[in-house]
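Working notes, structure below.
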Amino acid sequence: MITAIASRVEVMKWMEDFVQEKMTEFLKSVEDSWQPQDLLPDARMENFFEEIKNLQERARDLSYDLLAVLVGDTITEEALPTYESWLMSIKDVPSNEDSPWMKWNRAWTAEENRHGDLLNKYLYLTGRINMREMEASTQYLIADGFDLQTDNDPYRAFVYTSFQETATNLSHRRVAQIAKKQGDGMLAKLCGYVASDEARHAKAYKAFVGKIFEADPNEMMLAFEDMMRKKIVMPAHYMRELGVDMGKTFGHFTDAAQRINVYTALDYTDILSDLVKEWKLEAVTGLNDAGERAREYLIALPDRLKRVAERMRAPQLEYKFRWID
Numbered sequence: 001m002i003t004a005i006a007s008r009v010e011v012m013k014w015m016e017d018f019v020q021e022k023m024t025e026f027l028k029s030v031e032d033s034w035q036p037q038d039l040l041p042d043a044r045m046e047n048f049f050e051e052i053k054n055l056q057e058r059a060r061d062l063s064y065d066l067l068a069v070l071v072g073d074t075i076t077e078e079a080l081p082t083y084e085s086w087l088m089s090i091k092d093v094p095s096n097e098d099s100p101w102m103k104w105n106r107a108w109t110a111e112e113n114r115h116g117d118l119l120n121k122y123l124y125l126t127g128r129i130n131m132r133e134m135e136a137s138t139q140y141l142i143a144d145g146f147d148l149q150t151d152n153d154p155y156r157a158f159v160y161t162s163f164q165e166t167a168t169n170l171s172h173r174r175v176a177q178i179a180k181k182q183g184d185g186m187l188a189k190l191c192g193y194v195a196s197d198e199a200r201h202a203k204a205y206k207a208f209v210g211k212i213f214e215a216d217p218n219e220m221m222l223a224f225e226d227m228m229r230k231k232i233v234m235p236a237h238y239m240r241e242l243g244v245d246m247g248k249t250f251g252h253f254t255d256a257a258q259r260i261n262v263y264t265a266l267d268y269t270d271i272l273s274d275l276v277k278e279w280k281l282e283a284v285t286g287l288n289d290a291g292e293r294a295r296e297y298l299i300a301l302p303d304r305l306k307r308v309a310e311r312m313r314a315p316q317l318e319y320k321f322r323w324i325d
């Protein structure tokens, strides 16, 4: 611990060297990064239209729910301006231009930005999506913003991003697996590349939380407990379509994801269980009475949630999305 009672500002400042050191491990340079054009048909080539025809033939057999989930994932990825502005609003994180935290935020956002570009172009080329409807949903999601209940607190924010990046990695990997089974190897490859990025990002945010536990274990434990009592909401929870109330489309999107086993209540529980193990909650020292109670709650929570999740059934009511003709 850096002090007996460390402030958020002190901890974030103390972590700057760690963030700078880990930048090259958890992020890639532009020179070493894949770009969407590496993975999609090239309009400069003579065989471009033939490749588009082949792409559309493969996409023709993709199931309705898989397309719906892919569109929802794409809208989520494209709302990056919202996420960057949210991260920059977190209190106690040094915000000068040369701060490792600012460098991290910009570089992370730049990596994430490629995901929406890639998936958007793929969906456009399939010819199966009403792109105007999808684009309207993206504009809505950015304009509506979101409330992740982190209270602009870095400790809560990094619990959230640890959870969400892990969930996103899982979602994209599952879509890749299903796409491959349905005969679209290209889509499987695209989602695999996105999932790989999300896995690196998840490791980064988990490492940030682990470091905070070293410096300020009690406050970090209380922040983790608070986020889990509130429940982690996905960044697209305000998702809607034209003519639909804010947030209503998100429920249908998550229903589709559960039906095809892309992301379920059991996955939520498994991620929580992994975080409890990742951060070695049972071995954390330096807790007061409130911190001990928070630890007990968090260690017991995965089993409680698992019992509930095992009784849940995947929703069967299908929904007609405006995105898909």
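Quick note: the sequence shown, position 132, residue 132 per UniProt numbering, numbers continuous. We put the CB at the ideal spot given by N, CA and C, even for glycine.
Legend entry - residue 327 and Ala-68 closer than 9 angstroms at C-beta: There is simply no residue 327 to check, as the chain begins at 1 and stops at 325 in what is shown.
Legend entry - Cα-Cα separation, residue 331 to Tyr-124: Since the first residue of the chain shown is 1 and the last is 325, residue 331 is not available in this structure.
Legend entry - The alpha helix (DSSP H) enclosing Val-19, as first and last residue numbers: In the sequence shown, counting from the first residue as 1, residue 19 sits at position 19. For Val-19, the enclosing alpha helix (DSSP H) covers residues 16–26.
Inset, instruction - Sort Asp-147, Ala-179 and Arg-200 by Cα distance to Leu-190 and report the nearest one. - result: As a first step, residue 190 is located in the sequence shown; it is residue number 190 there, counting from the start. Among Asp-147, Ala-179 and Arg-200, the Cα nearest to that of Leu-190 is on Ala-179.
Inset, instruction - With a 10 Å radius around its C-beta and 16 neighbouring C-beta atoms as the bar for buried, classify Phe-163 as buried or exposed. - result: Locating residue 163 in the sequence shown gives position 163, counting from the first residue. Counting the other CB atoms within 10 Å of its CB gives Phe-163 a total of 16 or more, which places it among the buried residues.
Legend entry - Three-state class that DSSP yields for Ile-129 in the structure shown: As a working note, residue 129 is residue 129 in the sequence shown. When DSSP states are grouped into helix, strand and coil, Ile-129 belongs to the strand group.
Inset, instruction - Quick one: residues in its chain with C-beta nearer than 6 angstroms to the C-beta of Val-194, no 5 flanking neighbours on either side, listed in chain order? - result: Looking up residue 194 in the sequence shown gives position 194. Contacts found: His-115 and His-172.
Legend entry - Rounded C-alpha distance that separates Ala-4 from Asp-274: If you number the sequence shown from 1, residue 4 lands on position 4. If you number the sequence shown from 1, residue 274 lands on position 274. With a pLDDT of 48 at Ala-4, under the threshold of 50, the predicted position of this residue should be treated as unreliable, though the coordinate-derived value follows. If you draw a straight line from the Cα of Ala-4 to the Cα of Asp-274, it is about 29 angstroms long.
Inset, instruction - Can you tell me which of Arg-259, Pro-235 and Val-9 puts its alpha carbon nearest to the alpha carbon of Thr-150? - result: For this step, residue 150 is matched to residue 150 along the sequence shown. Proximity to Thr-150 across Arg-259, Pro-235 and Val-9 peaks at Pro-235, based on C-alpha coordinates.
Inset, instruction - Take Arg-240 as the anchor and find which of Gln-139, Asp-289 and Trp-104 has the nearest alpha-carbon. - result: Here residue 240 is taken as the residue at index 240 of the sequence shown, counted from 1. Among Gln-139, Asp-289 and Trp-104, the Cα nearest to that of Arg-240 belongs to Gln-139.
Legend entry - 9 angstroms Cβ cutoff met for Arg-128 and Ile-324: Residue mapping note: residue 128 aligns to position 128 of the sequence shown, counting from 1. Residue mapping note: residue 324 aligns to position 324 of the sequence shown, counting from 1. Closer than 9 angstroms, so yes.
Legend entry - Coil, strand or helix - Val-178 by DSSP: To locate residue 178, count along the sequence shown from 1; it is residue 178. Val is not the amino acid found at residue 178; the sequence shown has Ile there. Residue state, collapsed to three classes: helix.
Inset, instruction - Could you have a look at Ile-324 and say whether DSSP puts it in helix, strand or coil? - result: The residue you call residue 324 lines up with position 324 of the sequence shown. Here DSSP, grouped into helix, strand and coil, assigns Ile-324 to strand.
Legend entry - CB of Glu-77 within 9 angstroms of CB of His-201, strictly: Locating residue 77 in the sequence shown gives position 77, where the first residue counts as 1. Locating residue 201 in the sequence shown gives position 201, where the first residue counts as 1. No, they are not a contact pair.
Inset, instruction - Determine, using beta-carbon pairs with one atom in the segment 93–103 and one in the segment 16–25, whether at least three such pairs fall under 8 angstroms. - result: Three or more pairs of CB atoms, one per stretch, sit closer than 8 angstroms, so the segment 93–103 contacts the segment 16–25.
Inset, instruction - Take Ala-314 and list the residues in its own chain whose beta-carbon comes closer than 6 angstroms to its own, dropping the five residues that flank it on each side. - result: For the purposes of this step, residue 314 is identified with residue 314 of the sequence shown, where counting begins at 1. So the qualifying residues of the chain are Gln-258 and Arg-259.
Legend entry - Uninterrupted alpha helix (DSSP H) stretches inside the segment 216–245 (no shorter than 4 residues): Counting only runs of at least 4 residues, the segment 216–245 fully encloses the following alpha helix (DSSP H) elements, listed from N- to C-terminal order: 217–230.
Inset, instruction - Report the option in Gly-247, Arg-322, Ser-33 and Lys-280 whose CA atom is closest to the CA atom of Ala-143. - result: The sequence position of residue 143 within the sequence shown is 143, counting from 1. Each of Gly-247, Arg-322, Ser-33 and Lys-280 was checked against the Cα of Ala-143, and the nearest Cα belongs to Gly-247.
Legend entry - Beta carbon of Ser-215 nearer than 9 angstroms to that of Met-15: Position 215 of the sequence shown, counted from the start, is the residue given in the question as residue 215. Position 15 of the sequence shown, counted from the start, is the residue given in the question as residue 15. Position check: residue 215 holds Ala in this sequence, whereas Ser was assumed. The answer is yes: Cβ separation under 9 angstroms.
Inset, instruction - Give the straight-line distance between the Cα atoms of Leu-27 and Asn-152, rounded to the nearest whole angstrom. - result: Along the sequence shown, read from residue 1 onward, the residue named residue 27 stands at position 27. Along the sequence shown, read from residue 1 onward, the residue named residue 152 stands at position 152. Their Cα atoms are separated by approximately 24 angstroms.
Legend entry - C-alpha gap between Asn-105 and Glu-25, whole angstroms: Indexing the sequence shown from 1 puts residue 105 at position 105. Indexing the sequence shown from 1 puts residue 25 at position 25. Inter-residue distance for Asn-105 and Glu-25 is about 15 angstroms (C-alpha atoms, whole angstroms).
Legend entry - Proximal residues to Leu-148 (C-beta, below 6 angstroms), its chain only, five neighbours per side dropped: Residue mapping note: residue 148 aligns to position 148 of the sequence shown, counting from 1. Apart from the 5 residues on each side of it in sequence, Leu-148 sits with its Cβ closer than 6 angstroms to the Cβ of Tyr-160 in its chain, given in chain order.
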